[in-house]
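Engineer: Residue numbers (the working numbering): 250 to 342. Glycine included, each C-beta is placed from N, C-alpha and C at the ideal position.
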Amino acid sequence: MDNHVLSIEGREHMTVTAVTDVDSFTEEMVLVKLEKGGLIIKGKKLHVQRLDLQEGKVAITGEVESVLYTEKTKKKDKRERKGLLKRLFGQSA
Numbered sequence: 250m251d252n253h254v255l256s257i258e259g260r261e262h263m264t265v266t267a268v269t270d271v272d273s274f275t276e277e278m279v280l281v282k283l284e285k286g287g288l289i290i291k292g293k294k295l296h297v298q299r300l301d302l303q304e305g306k307v308a309i310t311g312e313v314e315s316v317l318y319t320e321k322t323k324k325k326d327k328r329e330r331k332g333l334l335k336r337l338f339g340q341s342a
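Laid out in structure tokens, this is it:
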């Protein structure tokens with residue numbers, strides 16, 4: 250499933266599909282992993298009411314103040330990391 254649906258009702262009830270995980274959550278912020286990136290949901294008194302990873306759905310309640318999409322980052326391979334260390338610390342790294 251590549252597409253997702255983001256539904257917000259009255260800034261108090263939110264559902265998201267194509268969810269692969271919830272990285273973390275507090276009453277002020279929920280970090281949701283999607284198949285093609287992520288969502289940062291900020292607000293007040295946020296609660297994860299329902300999480301079903303088999304269906305790929307999450308339901309969140311509370312006062313939603315903002316939703317920000319994040320790009321899916323590619324992990325750098327070992328050679329790229331070593332090249333960065335050489336540039337930072339000289340040839341001896």
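Which residues bound the beta strand (DSSP E) around Glu258?
Structural biologist: 255 to 258
Engineer: Should Val313 and Met263 be called a contact, given that it needs their Cβ atoms to be closer than 9 Å?
Structural biologist: yes
Engineer: Could you pull out every residue in the same chain whose Cβ sits closer than 6 Å to the Cβ of Arg260, ignoring the five residues on either side in sequence?
Structural biologist: Val313
Engineer: Here's the rule I'm using: 16 or more other beta-carbon atoms within 10 Å means buried, otherwise exposed. How should Leu283 be labelled?
Structural biologist: buried
Engineer: Roughly how many angstroms separate the alpha carbons of Thr319 and Ile290, rounded to a whole number?
Structural biologist: 11 Å
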